[in-house]
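Read top to bottom, the protein sequences are chains H and X.
Using our numbering, read the first sequence as starting at 1 and increasing by one per residue.
Using our numbering, read the second sequence as starting at 328 and increasing by one per residue.
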Amino acid sequence: MPVMRYREALNQALREEMERDQRVFIMGEDIGVFQGAFKVTQGLFQEFGEKRVRDTPISENTIVGVGVGAAMAGLRPIVELMTINFSLLAMDQIVNHAAAIHYMFGGQAKVPLVVRMPQGAGHQLGPTHSHSLEALYLHIPGLLVAAPSTPADAKGLLKAAIRDDNPVIFIEHEWLYGQRGEVPENGGPMRFGEAVVRREGADVTIVGISRMAVTAERAAEQLANEHEVEAEVIDPRTLRPLDLDTILASVRKTNRAVIVEEGWPHGGVGANLAALIQEQAFDHLDAPVARVTGADVPMPYSKPLEQAAFPHEEHVVHAALSLFRDL
Amino acid sequence: MASEAAAQRETAKGKRDGREALHPLPSKGTCEAVLRKMMLIRRFEERAGEMYAKAKIGGFLHLCIGEEATIVGATQALRDTDYLLSTYREHGQALARGTPAGVVMAELFGRVDGCSKGRGGSMHLFDMERRFLGGYGIVGGNLPLATGVALACDYNGTDDAVLCMFGDGATNQGTFGESMNLAALWRLPVVFMVINNQFGMGTALERHSAVTDLSKKAEGYGVPGHRCDGMDVLDVHAATEEVLRIAREDRRPQLLEAITYRFRGHSMADPEEYRTKEEVEEWRRRDPIASFSRRLVEEGVFPQEEIERFDREAVERVDEAVRFADASPFPDLDSLYDDVYVLGDQVRGWWTVDERSPEPHRGERERESGAVPHGLAEAGAAYAAVGDVQARRRREQGRGGPRAAAEDRDTEREGG
Numbered sequence: 001m002p003v004m005r006y007r008e009a010l011n012q013a014l015r016e017e018m019e020r021d022q023r024v025f026i027m028g029e030d031i032g033v034f035q036g037a038f039k040v041t042q043g044l045f046q047e048f049g050e051k052r053v054r055d056t057p058i059s060e061n062t063i064v065g066v067g068v069g070a071a072m073a074g075l076r077p078i079v080e081l082m083t084i085n086f087s088l089l090a091m092d093q094i095v096n097h098a099a100a101i102h103y104m105f106g107g108q109a110k111v112p113l114v115v116r117m118p119q120g121a122g123h124q125l126g127p128t129h130s131h132s133l134e135a136l137y138l139h140i141p142g143l144l145v146a147a148p149s150t151p152a153d154a155k156g157l158l159k160a161a162i163r164d165d166n167p168v169i170f171i172e173h174e175w176l177y178g179q180r181g182e183v184p185e186n187g188g189p190m191r192f193g194e195a196v197v198r199r200e201g202a203d204v205t206i207v208g209i210s211r212m213a214v215t216a217e218r219a220a221e222q223l224a225n226e227h228e229v230e231a232e233v234i235d236p237r238t239l240r241p242l243d244l245d246t247i248l249a250s251v252r253k254t255n256r257a258v259i260v261e262e263g264w265p266h267g268g269v270g271a272n273l274a275a276l277i278q279e280q281a282f283d284h285l286d287a288p289v290a291r292v293t294g295a296d297v298p299m300p301y302s303k304p305l306e307q308a309a310f311p312h313e314e315h316v317v318h319a320a321l322s323l324f325r326d327l
Numbered sequence: 328m329a330s331e332a333a334a335q336r337e338t339a340k341g342k343r344d345g346r347e348a349l350h351p352l353p354s355k356g357t358c359e360a361v362l363r364k365m366m367l368i369r370r371f372e373e374r375a376g377e378m379y380a381k382a383k384i385g386g387f388l389h390l391c392i393g394e395e396a397t398i399v400g401a402t403q404a405l406r407d408t409d410y411l412l413s414t415y416r417e418h419g420q421a422l423a424r425g426t427p428a429g430v431v432m433a434e435l436f437g438r439v440d441g442c443s444k445g446r447g448g449s450m451h452l453f454d455m456e457r458r459f460l461g462g463y464g465i466v467g468g469n470l471p472l473a474t475g476v477a478l479a480c481d482y483n484g485t486d487d488a489v490l491c492m493f494g495d496g497a498t499n500q501g502t503f504g505e506s507m508n509l510a511a512l513w514r515l516p517v518v519f520m521v522i523n524n525q526f527g528m529g530t531a532l533e534r535h536s537a538v539t540d541l542s543k544k545a546e547g548y549g550v551p552g553h554r555c556d557g558m559d560v561l562d563v564h565a566a567t568e569e570v571l572r573i574a575r576e577d578r579r580p581q582l583l584e585a586i587t588y589r590f591r592g593h594s595m596a597d598p599e600e601y602r603t604k605e606e607v608e609e610w611r612r613r614d615p616i617a618s619f620s621r622r623l624v625e626e627g628v629f630p631q632e633e634i635e636r637f638d639r640e641a642v643e644r645v646d647e648a649v650r651f652a653d654a655s656p657f658p659d660l661d662s663l664y665d666d667v668y669v670l671g672d673q674v675r676g677w678w679t680v681d682e683r684s685p686e687p688h689r690g691e692r693e694r695e696s697g698a699v700p701h702g703l704a705e706a707g708a709a710y711a712a713v714g715d716v717q718a719r720r721r722r723e724q725g726r727g728g729p730r731a732a733a734e735d736r737d738t739e740r741e742g743g
């Protein structure tokens, strides 16, 4: 199987879907001539031309809204936003329009739109370019939300997102862009709502979101090597729809759960999952559900502060071990 | 302030981009069609107001009485294949586009036969078949959408065009500048039409916009502006036809400002403390339906009795619309979760995305969810009747809206 970087896998998905379907086009800030702020769209402008790879002005709310309108009129737009923080400028079009239109017009219009954007800390971009906001989009009915953590998932889920008739918030990660992984040749679209077990184990379930799926796997190695704890690591891959069954089956086996996310603790993905797990598997829990989250602060610039403000392996190991404290 | 406003409007009235003050009348058939449409809108809106007072209609209700010439004149210039997007004051636009009055009234009543199946209400009418792509509740929210629809027209190589209507208040939103720039940059076939009814809710134009000649507001973005007399259906039509032609043929988006006035408040909850009765009276003297009717009689196109018959028939159509809406049932409670998503490969059923139910893996849709969830839905829906009596009383006294509704609830809690 070919090995490639996460950004290359995304690039392949975009290219293949644009070749497959003339209605698919991409627009965003500096995605064409500049080749993309994170080079995800590299080469597409040369290959498909300015009709289908459209550089836009810096007008996030309108770019997304134009995507919504074009989708309602039968096209399949992909909008790239430079970071998830910039998507906050487009909240009106995402929440009041993209997510609501199919429902509020009684099913008459569809919005087959994909809004792609990276999130995540680690590049010292400070409090306006470094956050992880998947919880905001998880909150909203009408949206599908994907947060792939491997190149293969990035490609398969992006293809699925482009082909689906619902608006999709597709959350990439700045740190993941450079990570390598195997990607199946001629792979088709994957399915939303199918979690993957990255590592099997019987002692504790660790659910990792976006980049934190990688951190969770590394923490699981440490738990096995240094603490004789076998963790089962689950990557939900999509948050809407959510494959709760896979998570619950694991928790029923291990009786313990840790949720790891880069975003903030209050109203976070972990808060939501903890509620679901205790509602559905209360009798199976031997300890409270633990959460590992980003610090409850705007992301600081200074390198030591920034690194301290989002979860690393040690935080996950600590949280997992705390669930065994009474034994 | 008041004289400044009057002066501004006077300038506007006189300025019709050089078009003659009196347009020649179109064919008799067109005159009849245009007049009938305006009358239907007027009678529909009057009746909607009455239905609101009877609490048949909930939420907000924004009437377009006074703006009929603007709506009909502009939409008459559209081809059937062109797209129209509007705001939350859009009953007239839907009717002008041909959506049956009963279907519009049913939506206002929240009934299943409404054009949005009772999901959208007065502010969110929609008719895909007639390419009326919606009323939108967010001021300025429809400009990017219209730009996107125009992009699709262009992308697909058609010569369809888009007409996007919004109010004077929307010209202060960020999407106004953003959409103008993008549409001009990409040379999209879209006409942005600002229906300047002199007020953004209760704030007069000269108190909300530094530039009060709104037709100038997009020039800096590369979108030329035009003005028309929004109280003259023929002037609106002539102006819209011309700007649509430029947008369609030259791929140059245009901004058209129609100077008009809404005779009623912003919504039914509006005490109208921001304007004088005299000002409203002054504009009412330019009533677009009365003035057009008068001219048709004067020029011998129709006798007065014929005009009166058109009006009676408009009233009859509205009577029929109310009967239709009244007969239509409320949506089935089991449909609550329908159309949140387009079901397909990725979303196979609501259960995969909603974690509320006691059984996470039913493998079926919410509508077949069983007795307990259904019973809870029934219990919630039973609250629909609560407050109706108070709401009717308040509305009969000319009060309504969320403030009054909140007072109703307060009264209920107190056991009043």
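Even for Gly, the Cβ is constructed at its ideal location relative to N, Cα and C.
Just so you know, these numbers come straight off a predicted model, no measurement behind them.
{"Check": "Which word fits residue 409 of chain X, buried or exposed, when buried means at least 16 other C-beta atoms lie within 10 angstroms of its C-beta?", "Outcome": "buried"}
{"Check": "So is residue 485 of chain X buried or exposed if we call it buried at 16+ other beta carbons inside 10 Å?", "Outcome": "exposed"}
{"Check": "How many angstroms separate the CA atom of residue 322 of chain H from the CA atom of residue 231 of chain H?", "Outcome": "13 Å"}
{"Check": "List the DSSP bridge partners of residue 103 of chain H.", "Outcome": "DSSP output for residue 103 of chain H lists no bridge partner at all."}
{"Check": "Span of the beta strand (DSSP E) holding residue 503 of chain X?", "Outcome": "Here residue 503 of chain X belongs to no beta strand (DSSP E); instead the alpha helix (DSSP H) covers 501-512."}
{"Check": "Taking all protein chains shown into account, decide if residue 165 of chain H is buried (16 or more other Cβ within 10 angstroms of its Cβ) or exposed.", "Outcome": "buried"}
{"Check": "Using a Cβ-Cβ distance cut-off of 8 Å, determine whether residue 250 of chain H contacts chain X.", "Outcome": "no"}
{"Check": "Considering only C-alpha positions, which residue in the set X/354, X/402 and X/381 is nearest to residue 557 of chain X?", "Outcome": "X/402"}
{"Check": "Might you give, ordered along the chain, the residues of its own chain that have their beta carbon closer than 7 Å to the beta carbon of residue 656 of chain X, omitting 5 neighbours on each side?", "Outcome": "438 and 439"}
{"Check": "What residues of chain H sit near residue 446 of chain X, judged by a beta carbon separation below 8 Å?", "Outcome": "103, 104, 105 and 106"}
{"Check": "When the Cα of residue 631 of chain X is compared with those of X/669, X/362 and X/511, which residue comes out closest?", "Outcome": "X/362"}
{"Check": "Are the CB atoms of residue 395 of chain X and residue 419 of chain X nearer to each other than 8 Å?", "Outcome": "yes"}
{"Check": "Given this structure, state the Cα-to-Cα distance separating residue 535 of chain X from residue 371 of chain X, to the nearest angstrom.", "Outcome": "30 Å"}
{"Check": "Between the Cα of residue 95 of chain H and the Cα atoms of H/140, H/156 and H/59, which residue gives the shortest distance?", "Outcome": "H/140"}
{"Check": "Between the region 117-140 of chain H and chain X, which residues of the former have a C-beta closer than 7 Å to a C-beta of the latter?", "Outcome": "none"}
{"Check": "On the CB-based measure, 16 or more other CB atoms within 10 Å of its CB, does residue 34 of chain H come out buried or exposed?", "Outcome": "exposed"}
{"Check": "List the DSSP bridge partners of residue 410 of chain X.", "Outcome": "X/489"}
{"Check": "Could you tell me the alpha carbon to alpha carbon distance between residue 307 of chain H and residue 407 of chain X, rounded to whole angstroms?", "Outcome": "59 Å"}
{"Check": "Grab the span of the alpha helix (DSSP H) containing residue 420 of chain X for me, first residue to last.", "Outcome": "418-424"}
{"Check": "Starting from residue 254 of chain H, trace the alpha helix (DSSP H) in both directions and tell me its first and last residue.", "Outcome": "244-254"}
{"Check": "Can you tell me whether residue 180 of chain H is helix, strand or coil according to DSSP?", "Outcome": "strand"}
{"Check": "My output table needs one value for residue 523 of chain X: the three-state DSSP class, helix, strand or coil.", "Outcome": "strand"}
{"Check": "For a quick check, are the C-beta atoms of residue 652 of chain X and residue 436 of chain X less than 8 Å apart?", "Outcome": "yes"}
{"Check": "Residue 567 of chain X and residue 583 of chain X: beta carbons closer than 8 Å?", "Outcome": "yes"}
{"Check": "At the level of alpha carbons, what is the spacing between residue 686 of chain X and residue 464 of chain X?", "Outcome": "Bear in mind that the predicted position of residue 686 of chain X carries a pLDDT of just 46, short of 50, making it too unreliable to give a figure here."}
{"Check": "For residue 354 of chain X, does the count of other Cβ atoms within 10 angstroms reach 16, so buried, or fall short, so exposed?", "Outcome": "exposed"}
{"Check": "Taking the Cβ atom as the reference point for each residue, do residue 704 of chain X and residue 660 of chain X lie within a distance shorter than 8 Å?", "Outcome": "yes"}
{"Check": "Mapping the DSSP letters down to three states, classify residue 34 of chain H as helix, strand or coil.", "Outcome": "coil"}
{"Check": "Could you tell me which chain X residues have their CB closer than 9 Å to the CB of residue 236 of chain H, listed as they occur along the chain?", "Outcome": "Near residue 236 of chain H there are no residues of chain X at all, since even the closest Cβ is about 12 Å away, more than 9 Å."}
{"Check": "For residue 587 of chain X, does the three-state DSSP call read helix, strand or coil?", "Outcome": "coil"}
{"Check": "Under a CB-based cut-off of 8 Å, is residue 465 of chain X close to chain H?", "Outcome": "yes"}
{"Check": "How about residue 388 of chain X and residue 379 of chain X: do their beta carbons lie closer than 8 Å?", "Outcome": "yes"}
{"Check": "Please confirm if residue 383 of chain H has its CB atom under 8 Å from at least one CB of chain X.", "Outcome": "Past the edges of chain H, shown from 1 to 327, lies residue 383 of chain H, and the structure says nothing about it."}
{"Check": "Reducing DSSP to helix, strand and coil, say where residue 232 of chain H ends up.", "Outcome": "strand"}
{"Check": "Kindly confirm or deny that the region 153-168 of chain H and the region 188-199 of chain H touch, where touching means at least three C-beta pairs closer than 8 Å.", "Outcome": "yes"}
{"Check": "Output, in chain order, the set of chain X residues within a Cβ distance shorter than 8 Å of residue 191 of chain H.", "Outcome": "672 and 673"}
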